[in-house]
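Colleague: Before anything else, here's the structure in question.
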Amino acid sequence: MGATHDLIVPGSGTVAAVLSTILQLCGEMKEWQDPCTRLHQRLKNVFEGLKTLEKKKKRLPPPEALDKYVTVVSTTLCYLEHYRGKKLVFRLMKHQAMMEELRVINEKTDVVVRALGLTSADTGKWKKQYEDDQRIHRELLASSVDNAQEVLAELQDARSQQETMLTLKYEVELRPEQQDAEMTKLLRTMMATVIRTSTTSVPKLPPWFLPPYEIRFDPKPFARGSFATVHRGVRGSDTNVVVKCFLVDGADVDERTRQNIEAEMNLLHQFDHPNVVKLLGASHMSTPPFIVCEDATNGDLRSFLARSDANKLQLWKLLYQAALGLEYIHKKSVVHGDLKLNNVLVGAEGQAKLSDFGLSAVRTSAILSESTPYTAGALRWRAPECLKMAPTSASDVYSFAMCIIEAVIGEPPFALLDDDSVHEKLRNGEIPEKPEKMSAEVWELVAAMTNVDPTKRISLSRVLKTLKDFADGNLRSPPQAANPASELTENANLALVDTEIIVGILDNVSAMDDQAKEQSMLQLVRICVEDEERPVMYEADAIQILTNLVKSGRNNYTKLYALQCLKWAAVVDAKLPKLAFD
Numbered sequence: 008m009g010a011t012h013d014l015i016v017p018g019s020g021t022v023a024a025v026l027s028t029i030l031q032l033c034g035e036m037k038e039w040q041d042p043c044t045r046l047h048q049r050l051k052n053v054f055e056g057l058k059t060l061e062k063k064k065k066r067l068p069p070p071e072a073l074d075k076y077v078t079v080v081s082t083t084l085c086y087l088e089h090y091r092g093k094k095l096v097f098r099l100m101k102h103q104a105m106m107e108e109l110r111v112i113n114e115k116t117d118v119v120v121r122a123l124g125l126t127s128a129d130t131g132k133w134k135k136q137y138e139d140d141q142r143i144h145r146e147l148l149a150s151s152v153d154n155a156q157e158v159l160a161e162l163q164d165a166r167s168q169q170e171t172m173l174t175l176k177y178e179v180e181l182r183p184e185q186q187d188a189e190m191t192k193l194l195r196t197m198m199a200t201v202i203r204t205s206t207t208s209v210p211k212l213p214p215w216f217l218p219p220y221e222i223r224f225d226p227k228p229f230a231r232g233s234f235a236t237v238h239r240g241v242r243g244s245d246t247n248v249v250v251k252c253f254l255v256d257g258a259d260v261d262e263r264t265r266q267n268i269e270a271e272m273n274l275l276h277q278f279d280h281p282n283v284v285k286l287l288g289a290s291h292m293s294t295p296p297f298i299v300c301e302d303a304t305n306g307d308l309r310s311f312l313a314r315s316d317a318n319k320l321q322l323w324k325l326l327y328q329a330a331l332g333l334e335y336i337h338k339k340s341v342v343h344g345d346l347k348l349n350n351v352l353v354g355a356e357g358q359a360k361l362s363d364f365g366l367s368a369v370r371t372s373a374i375l376s377e378s379t380p381y382t383a384g385a386l387r388w389r390a391p392e393c394l395k396m397a398p399t400s401a402s403d404v405y406s407f408a409m410c411i412i413e414a415v416i417g418e419p420p421f422a423l424l425d426d427d428s429v430h431e432k433l434r435n436g437e438i439p440e441k442p443e444k445m446s447a448e449v450w451e452l453v454a455a456m457t458n459v460d461p462t463k464r465i466s467l468s469r470v471l472k473t474l475k476d477f478a479d480g481n482l483r484s485p486p487q488a489a490n491p492a493s494e495l496t497e498n499a500n501l502a503l504v505d506t507e508i509i510v511g512i513l514d515n516v517s518a519m520d521d522q523a524k525e526q527s528m529l530q531l532v533r534i535c536v537e538d539e540e541r542p543v544m545y546e547a548d549a550i551q552i553l554t555n556l557v558k559s560g561r562n563n564y565t566k567l568y569a570l571q572c573l574k575w576a577a578v579v580d581a582k583l584p585k586l587a588f589d
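Counted from 1, the sequence shown has number 155 at position 148 by the working numbering; the numbering is strictly sequential.
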């Protein structure tokens with residue numbers, strides 16, 4: 008360490024600059040502003056003491072003592088950055104943790120003062136004030152939770168009110184032992200205040216609900232999928248988890264969609280299979296919504312196989328296990344819909360685990376989000392029929408065949424083709440050519456799984472039997488199937504323009520009920536993503552029909568689907584003035 012003014016807090020700047028930042032953050036600490044400001048003054052006094060010591064003695068204390076001081080300054084900064092500006096419900100829940108952390112920082116400051124030899128600095132005197140601060144803090148909280156105006160100032164919409172009620176119920180019903188009698192009273196008082204002043208119903212507490220403060224995770228994702236960012240995190244004190252934050256603004260999710268998401272979470276939370284990633288908790292009310300899953304420490308299957316030759320020897324065993332997981336969710340009436348090796352994980356004990364399934368309501372919301380990038384690459388694993396309809400269990404069988412190709416060659420299907428070429432091949436019902444590395448037996452299985460007609464694909468149960476043989480080293484010829492690339496007639500049918508479907512939707516959508524409208528408009532969006540399909544839409548007077556749906560529709564998704572079609576008309580096809588669209 009150099010001179011006092013050269014002391015650096017790693018990643019944050021000089022100590023002098025950080026002390027200035029700390030003082031600013033103290034102003035955002037609500038009930039804890041005064042205790043935090045006093046802590047800042049203690050740290051500043053140490054800094055001034057070091058400058059005086061350096062001036063008088065022309066030297067500084069030993070580097071290890073200075074390091075301790077810098078560490079305490081850094082810890083204080085992190086404390087304030089974590090807790091500043093939090094809502095009342097968070098401050099209430101974390102009241103005891105905030106007090107304890109502040110006490111520890113003050114005690115560490117005492118240690119630093121002694122290590123630096125600054126005997127004139129304030130040490131120990133803070134403890135009496137700290138006891139008073141605890142009392143004052145609780146009094147301020149008690150006043151706040153009983154003040155309807157203050158409570159609702161932070162809860163402007165039904166979603167935030169319901170999230171707060173669920174959070175309070177979580178603490179009172181599931182963790183009463185975590186709070187003393189006085190704090191339990193405050194929790195119940197705030198719950199009564201929210202119920203008394205809110206216009207929304209009191210939600211039932213799902214068994215999987217987790218408030219956001221229960222999870223600590225790295226804000227920088229280690230992976231990003233088509234509808235979520237993926238983060239490393241910790242639940243409690245030491246349980247490593249994976250947190251998936253959905254690429255959708257929770258505030259924009261309508262009530263029916265939130266109910267659909269809740270129903271999906273209820274189902275997924277019940278899943279218990281060694282080859283399926285376990286859902287540990289979730290929040291459908293947060294912004295953004297998130298789920299917490301077990302941490303499969305060996306990463307995804309594609310990366311695992313590429314890591315070593317020894318791992319490659321486990322290929323068929325792991326694919327067989329992944330297929331067992333797929334069979335399990337199919338028996339629970341859940342379609343995966345996004346199968347690829349990135350979504351097959353390898354656990355700590357070497358088992359394959361299926362992930363990223365059963366979240367169709369979230370996927371739909373994310374697709375409609377302006378912040379969600381279009382992931383055309385996922386087409387490489389997708390069955391041809393999924394270009395124009397929702398995936399089915401037969402579609403999953405097709406996608407699993409693409410996973411087999413990916414596992415064998417170590418590259419995605421159609422690896423050398425651009426997205427447009429892949430799309431064209433799917434429209435024509437073509438699959439990748441047989442890789443040189445793939446045996447005839449394996450290729451026969453892939454062919455049987457990828458028939459262009461979903462009804463003629465091999466069943467998953469027969470796939471499992473064959474994969475089991477492969478895993479056991481018994482390579483025999485799997486069931487024969489027609490080569491999908493030779494099904495020319497069926498391929499031609501797939502490539503036909505869906506004129507009748509588009510016209511039928513536009514002719515009848517106005518008379519449909521809300522659910523039928525939503526499904527029909529989703530089908531229209533999936534078809535009309537293709538440039539060559541949209542002229543049919545315009546010829547059927549689509550702009551007026553879509554405009555009416557946006558103006559008078561009662562379902563948010565129906566409106567969003569209609570808006571997407573109108574956006575194509577205005578931005579891409581010049582069929583509608585941009586000013587009119589805006």
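The C-beta atom is built at its ideal place from N, Cα and C for all residues, glycine as well.
Ignore the nearest five residues each way along the sequence and tell me which others in residue 487's own chain have a CB closer than 7 angstroms to its CB.
Modeller: Along the sequence shown, one-based indexing puts residue 487 at 480. Residue confidence for residue 487 is low, a pLDDT of 38 falling below 50, so the modelled location carries little weight; the figure read from the coordinates is stated next. Cβ neighbours of residue 487 beyond the five flanking positions: 451.
Colleague: Could you spell out where the beta strand (DSSP E) holding residue 240 opens and where it closes?
Modeller: On the sequence shown, residue 240 is found 233 positions in, with the first residue counted as 1. From DSSP, the beta strand (DSSP E) with residue 240 extends over 235-242.
Colleague: Report yes if the CB atom of residue 436 is closer than 9 angstroms to the CB atom of residue 397, and no otherwise.
Modeller: The sequence position of residue 436 within the sequence shown is 429, counting from 1. The sequence position of residue 397 within the sequence shown is 390, counting from 1. It is not a contact, given that the beta carbons lie outside the stated cut-off.
Colleague: My understanding is that residue 219 touches residue 290, with C-beta atoms under 8 angstroms, so please give their C-beta distance in whole angstroms.
Modeller: Counting from one through the sequence shown, the residue named residue 219 turns up at place 212. Counting from one through the sequence shown, the residue named residue 290 turns up at place 283. About 6 angstroms; that satisfies the 8 angstroms criterion.
Colleague: Can residue 535 and residue 509 be called in contact, C-beta distance under 9 angstroms?
Modeller: As a first step, residue 535 must be located in the sequence shown, where it is residue number 528. As a first step, residue 509 must be located in the sequence shown, where it is residue number 502. Contact flag set, yes.
Colleague: Which same chain residues end up closer than 6 angstroms to residue 188 when comparing Cβ atoms and leaving out the 5 residues on each side of it in sequence?
Modeller: Against the sequence shown, residue 188 aligns to sequence position 181. Hits under 6 angstroms: none found.
Colleague: By the three-class DSSP mapping on this structure, what secondary structure does residue 319 have?
Modeller: As a working note, residue 319 is residue 312 in the sequence shown. Helix, per DSSP.
Colleague: Can you list, in chain order, the residues of its chain with a C-beta nearer than 6 angstroms to that of residue 118? Leave out the 5 residues immediately preceding and following it.
Modeller: Numbered from its first residue, the sequence shown carries residue 118 at position 111. Answer for residue 118: no residue qualifies.
Colleague: Rounded to whole angstroms, what's the CA-CA distance from residue 13 to residue 22? Just pull it up for me.
Modeller: The residue labelled residue 13 in the question sits at position 6 within the sequence shown. The residue labelled residue 22 in the question sits at position 15 within the sequence shown. One C-alpha to the other measures close to 8 angstroms.
Colleague: Ordered along the chain, which non-local residues of its own chain (more than five positions away) have a Cβ less than 7 angstroms from that of residue 250?
Modeller: Counting from 1 along the sequence shown, the entry for residue 250 is found at position 243. Result list for residue 250: 222, 224, 238, 240, 297, 299, in chain order.
Colleague: What would DSSP say about residue 574, mapped onto helix, strand or coil?
Modeller: Against the sequence shown, residue 574 aligns to sequence position 567. Reduced to three states, the DSSP call for residue 574 is helix.
Colleague: Can you give the Cα-Cα distance for residue 325 and residue 520, rounded to whole angstroms?
Modeller: As a working note, residue 325 is residue 318 in the sequence shown. As a working note, residue 520 is residue 513 in the sequence shown. Going from the Cα of residue 325 to the Cα of residue 520 covers about 45 angstroms.
Colleague: Check whether the Cβ atoms of residue 76 and residue 57 sit closer than 9 angstroms, and answer yes or no.
Modeller: Your numbering for residue 76 matches position 69 in the sequence shown. Your numbering for residue 57 matches position 50 in the sequence shown. In this structure, residue 57 lies closer than 9 angstroms to residue 76 by Cβ.
Colleague: What first and last residue would you give for the alpha helix (DSSP H) that runs through residue 411?
Modeller: Numbered from its first residue, the sequence shown carries residue 411 at position 404. Residue 411 -> alpha helix (DSSP H) spans 400-416.
Colleague: Please list the terminal residues of the continuous beta strand (DSSP E) segment that includes residue 287.
Modeller: In the sequence shown, residue 287 corresponds to position 280, counting from 1. First-last of the beta strand (DSSP E) with residue 287: 286-290.
Colleague: Could you spell out where the alpha helix (DSSP H) holding residue 49 opens and where it closes?
Modeller: Position 42 of the sequence shown, counted from the first residue, corresponds to residue 49. Per DSSP, residue 49 belongs to the alpha helix (DSSP H) from 40-64.
Colleague: Taking the straight line between their C-alpha atoms, what separation do you get for residue 565 and residue 393?
Modeller: In the sequence shown, the residue the question calls residue 565 occupies position 558. In the sequence shown, the residue the question calls residue 393 occupies position 386. For residue 565 and residue 393, the distance between alpha carbons rounds to 20 angstroms.
Colleague: Is the beta carbon of residue 401 sitting closer than 9 angstroms to the one on residue 461?
Modeller: Taking the sequence shown and counting its residues from 1, one reaches residue 401 at position 394. Taking the sequence shown and counting its residues from 1, one reaches residue 461 at position 454. A contact, by the Cβ cut-off of 9 angstroms.
Colleague: When you compare each of 81, 15, 335, 445 to residue 477 by their alpha carbons, which one comes out closest?
Modeller: Taking the sequence shown and counting its residues from 1, the one referred to as residue 477 is at position 470. Among 81, 15, 335, 445, the Cα nearest to that of residue 477 belongs to 445.
Colleague: Assuming residue 437 is part of the beta strand (DSSP E), what are its boundary residues?
Modeller: As a position in the sequence shown, residue 437 is number 430, starting the count at 1. Looking at the DSSP string, residue 437 is not in any beta strand (DSSP E), and its letter there is neither H nor E.
Colleague: Are the beta-carbon atoms of residue 177 and residue 123 separated by less than 9 angstroms?
Modeller: Counting from one through the sequence shown, the residue named residue 177 turns up at place 170. Counting from one through the sequence shown, the residue named residue 123 turns up at place 116. The answer is no: Cβ separation not under 9 angstroms.
Colleague: Less than 9 angstroms between the beta carbons of residue 317 and residue 351, yes or no?
Modeller: For the purposes of this step, residue 317 is taken as residue 310 along the sequence shown, with counting starting at 1. For the purposes of this step, residue 351 is taken as residue 344 along the sequence shown, with counting starting at 1. No, Cβ-Cβ distance for residue 317 and residue 351 is not below 9 angstroms.
Colleague: Counting only the same chain and skipping the five closest in sequence on each side, list residues whose C-beta sits under 7 angstroms from that of residue 141.
Modeller: Sequence index remark: in the sequence shown, residue 141 carries index 134 (1-based). Cβ within range, chain order: 106.
Colleague: Give me the residue from 79, 168, 287 with the minimum Cα distance to residue 120.
Modeller: Against the sequence shown, residue 120 aligns to sequence position 113. Cα-wise, what sits closest to residue 120 is 79.
Colleague: Could you check the C-alpha separation between residue 320 and residue 116 for me, to the nearest Å?
Modeller: Within the sequence shown, residue 320 is the residue found at index 313, counting from 1. Within the sequence shown, residue 116 is the residue found at index 109, counting from 1. In a straight line, the C-alpha of residue 320 is about 56 angstroms away from that of residue 116.
Colleague: Quick one: using the 10 Å Cβ neighbour count with 16 as the cut-off for buried, is residue 440 buried or exposed?
Modeller: Taking the first residue of the sequence shown as position 1, residue 440 is located at position 433. So residue 440 counts as exposed.
Colleague: Which residues in the same chain as residue 468 place their Cβ atom closer than 8 angstroms to its Cβ, once the five residues preceding and following it in sequence are excluded?
Modeller: Within the sequence shown, numbered from 1, the residue matching residue 468 stands at position 461. For residue 468, where only same-chain residues beyond five positions count, the Cβ hits under 8 angstroms are 334.
Colleague: With which residues is residue 249 paired in a DSSP beta bridge?
Modeller: Looking up residue 249 in the sequence shown gives position 242. Paired residue(s): 239, 300.
Colleague: Using the Cα positions of residue 648 and residue 93, report the straight-line distance between them to the nearest angstrom.
Modeller: As shown, the chain starts at 8 and ends at 589. That puts residue 648 outside it, with no answer to give.
Colleague: Should the stretch 138-153 be regarded as contacting the stretch 80-89, the criterion being three or more beta carbon pairs within less than 8 angstroms?
Modeller: Short answer: they don't touch.
Colleague: If you draw a straight line from the C-alpha of residue 53 to the C-alpha of residue 34, how long is it?
Modeller: Within the sequence shown, the letter at position 46 stands for residue 53. Within the sequence shown, the letter at position 27 stands for residue 34. Taking the straight line from one Cα to the other gives about 21 angstroms.
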